[in-house]
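Quick note: the sequence shown uses the UniProt record's numbering, first residue 1, plus one each step. Okay, so here's the structure we're looking at.
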Amino acid sequence: MSCPICSKETVEKFRPFCSKRCADIDLGRWMTGAYALPSEDPVDDEELMEELEKKLGEIASGGPAGDGSKPH
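If you want it as structure tokens, here you go:
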């Protein structure tokens with residue numbers, strides 16, 4: 001297995017990385033937001049509120065967002 005940062009062979013102590021340096025580089029990328037998961041959430045606040053109100057209405061009426069039953 002190779003290090004995802006520099007492609008050198010991994011070292012068991014720092015697996016899946018080859019060194020503390022590469023592990024720290026990866027951690028820094030996560031903490032700065034360099035790695036991000038895609039989202040389908042609305043960016044605009046007004047659009048977000050419209051989506052939430054729509055979903056709440058569907059849940060209340062037992063529509064597609066819910067079956068009308070209460071959570072366990």
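The beta-carbon is built from N, C-alpha and C at its ideal position, and this holds for glycine as well.
Relative to the alpha-carbon of residue 21, which residue among 8, 33, 43 has its alpha-carbon at the smallest distance?
8
Identify, in the order they occur along the chain, each residue of the same chain with its Cβ nearer than 8 Å to the Cβ of residue 26, setting aside the five sequence neighbours on each side.
Counting only Cβ-Cβ distances below 8 Å, and skipping sequence neighbours, we find 4, 5, 17.
Between which two residues does the alpha helix (DSSP H) harbouring residue 33 extend?
That residue, residue 33, is in no alpha helix (DSSP H); it is neither H nor E in DSSP.
Could you spell out where the alpha helix (DSSP H) holding residue 48 opens and where it closes?
45-61
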